[in-house]
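S.K.: My questions will all concern the structure given below.
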Amino acid sequence: MSENCYGHPADRRSFMLGMVTAFCECVAGGCKRLALSPPLSRSDYRLYGAEAEKIIEKHGLRHYHEENKDRPDDGRFEWILIAGKQETIDQYLALRVRGLSPAESLGPFSELLSYNPAESIHTGYDAWRDYFPEG
Numbered sequence: 005m006s007e008n009c010y011g012h013p014a015d016r017r018s019f020m021l022g023m024v025t026a027f028c029e030c031v032a033g034g035c036k037r038l039a040l041s042p043p044l045s046r047s048d049y050r051l052y053g054a055e056a057e058k059i060i061e062k063h064g065l066r067h068y069h070e071e072n073k074d075r076p077d078d079g080r081f082e083w084i085l086i087a088g089k090q091e092t093i094d095q096y097l098a099l100r101v102r103g104l105s106p107a108e109s110l111g112p113f114s115e116l117l118s119y120n121p122a123e124s125i126h127t128g129y130d131a132w133r134d135y136f137p138e139g
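Just add 4 to wherever you are in the sequence shown, counting from 1, and you've got the working numbering.
Okay, here's the thing in structure tokens:
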């Protein structure tokens, strides 16, 4: 088990749900149109998904569970979309139907995620891919 910055064992549940709460605040406060929860393994989703969705709903937001079935089983992770409006989730799903995936590139999703590509340095799943490369 890893340690947090205070030298205490890191609690994965608290970390995941804390990230969901922070992203909810960004969406509810109007800073982002859409946020993606931290990447969740299938077991993470089984353990924390229902709690995460309750947090999202308590913020008055909408959610969608993205299973990423287009990813190989051995490298698959999931996430929960967090949005203020259903139309934002529908726009995300329209990009996915076109074969685009945030797991591959955030570029096509920049506008929905409220990223400014001209000023972005390293965001979201781009950092995740660098720290946890596949295979």
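The beta carbon of each residue, even a glycine, is placed where N, CA and C say it ideally should be.
1. To the nearest angstrom, report how far apart residue 140 and residue 82 are at their CA atoms.
2. Out of 42, 91, 95, which one is the CA nearest neighbour of residue 71?
3. Please go through the region 41-100 and give each complete beta strand (DSSP E) segment of 3 or more residues, from N-terminal end onward.
4. Evaluate residue 35 with the Cβ neighbour count: other Cβ atoms within 10 Å of its Cβ, from every protein chain shown; 16 or more gives buried, anything less gives exposed.
5. Would you tell me roughly how many angstroms separate the C-alpha atoms of residue 75 and residue 46, rounded to the nearest one?
6. I need the straight-line Cα distance from residue 105 to residue 113, nearest angstrom please.
7. Could you spell out where the alpha helix (DSSP H) holding residue 30 opens and where it closes?
8. Around the C-beta of residue 101, are 16 or more other C-beta atoms found within 10 angstroms, so that it is buried, or is it exposed?
9. From residue 80 to residue 33, what does the alpha carbon distance come to, in whole angstroms?
M.R.: The structure says:
1. Beyond the ends of the chain as shown, which are 5 and 139, falls residue 140; an answer cannot be given.
2. The option with the nearest alpha carbon to residue 71 is 42.
3. Taking only runs of at least 3 residues, the beta strand (DSSP E) segments lying wholly in the region 41-100 are 66-70, 83-87.
4. Counting the other CB atoms within 10 Å of its CB gives residue 35 a total below 16, which places it among the exposed residues.
5. One C-alpha to the other measures close to 13 Å.
6. Cα to Cα, the separation comes out at about 8 Å.
7. It spans 16-32 - the alpha helix (DSSP H) in which residue 30 sits, taken as one unbroken run.
8. Label assigned to residue 101: exposed.
9. Distance from the CA atom of residue 80 to the CA atom of residue 33, rounded to whole angstroms, is 31 Å.
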